[in-house]
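Participant:
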Amino acid sequence: MASSYPRSNSSSGRSIGTVTVLLSILLLISTASGFRGRVGGRMEVKDVKSNEQVQELGRFSVEEYNRMRRHSGHENGQVTFYEVVAAETQVVAGIKYYLEIEGRLHGITRVFDSVVVVKPWLQSKQLLHFCPSKTRYCRV
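Take the sequence shown: its position 121, counting from 1, is numbered 121 in UniProt numbering, and each next residue is one higher.
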């Protein structure tokens, strides 16, 4: 006796997989609209000067930079933290913060560029980059 049901074969399993992949891509695209259409793009942090988390990351950046300099034998040239004046975030394997930090080095107030990655689920933060900014200097 012949069955009226269609026979199952491996191609139907592949089409279910294809549909799943396409639905996943659509979900990713619709979620990305919250990032202004740029997955992994940088987003400006508003109200930087009143954002305690960003200011704390700026302090961390300066302290970590000074610690690494002392560890490498550079006792002079410690940066004094004033405040973070601009910040952007980027979602990576954690949150990457791009900071412009106002500080003082050798008696001169200037701006420093810093990049910090925060992974809250690991309770970790890592300084990736810290150097004087090439674009902005502060006047005292």
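Even glycine gets a Cβ: it sits at the ideal position worked out from N, Cα and C.
Who are the near neighbours of GLY40 in its chain, counting only those whose CB is closer than 8 Å to its CB and skipping five residues on each side?
Facilitator: As a first step, residue 40 is located in the sequence shown; it is residue number 40 there, counting from the start. Contacts found: GLN90, VAL91, VAL92.
Participant: Using three-state DSSP, classify HIS129 as helix, strand or coil.
Facilitator: As a working mapping, residue 129 is identified with position 129 in the sequence shown. Reduced to three states, the DSSP call for HIS129 is strand.
Participant: Would you call the segment 94-102 and the segment 67-83 touching, i.e. three or more CB-CB distances under 8 Å?
Facilitator: The segment 94-102 is in contact with the segment 67-83.
Participant: So, are the CB atoms of GLU88 and ARG59 less than 7 Å apart?
Facilitator: Translated into positions along the sequence shown, residue 88 becomes position 88. Translated into positions along the sequence shown, residue 59 becomes position 59. It is not a contact, given that the beta carbons lie outside the stated cut-off.
Participant: Starting from GLY94 and walking both ways along the beta strand (DSSP E), at which residues does that stretch end?
Facilitator: Taking the first residue of the sequence shown as position 1, residue 94 is located at position 94. Here the beta strand (DSSP E) through GLY94 covers 94-105.
Participant: Could you tell me the boundaries of the alpha helix (DSSP H) in which SER114 lies?
Facilitator: Your numbering for residue 114 matches position 114 in the sequence shown. That residue, SER114, is in no alpha helix (DSSP H); its beta strand (DSSP E) goes 108-119.
Participant: From what residue to what residue does the alpha helix (DSSP H) around GLU64 run?
Facilitator: Within the sequence shown, residue 64 is the residue found at index 64, counting from 1. Where GLU64 is concerned, the enclosing alpha helix (DSSP H) stretches over 52-71.
Participant: Rounded to whole angstroms, what's the CA-CA distance from ILE95 to GLU63? Just pull it up for me.
Facilitator: Here residue 95 refers to the residue found at position 95 when the sequence shown is read from its first residue. Here residue 63 refers to the residue found at position 63 when the sequence shown is read from its first residue. One C-alpha to the other measures close to 20 Å.
Participant: According to DSSP, is VAL85 helix, strand or coil?
Facilitator: In the sequence shown, residue 85 corresponds to position 85, counting from 1. VAL85 falls in the strand class under three-state DSSP.
Participant: Look at the alpha carbon of GLY107 and the alpha carbon of GLY73, and state the distance between them as a whole number of angstroms.
Facilitator: What you label residue 107 is simply residue 107 of the sequence shown in a count that begins at 1. What you label residue 73 is simply residue 73 of the sequence shown in a count that begins at 1. If I take the Cα positions, the gap works out to 20 Å.
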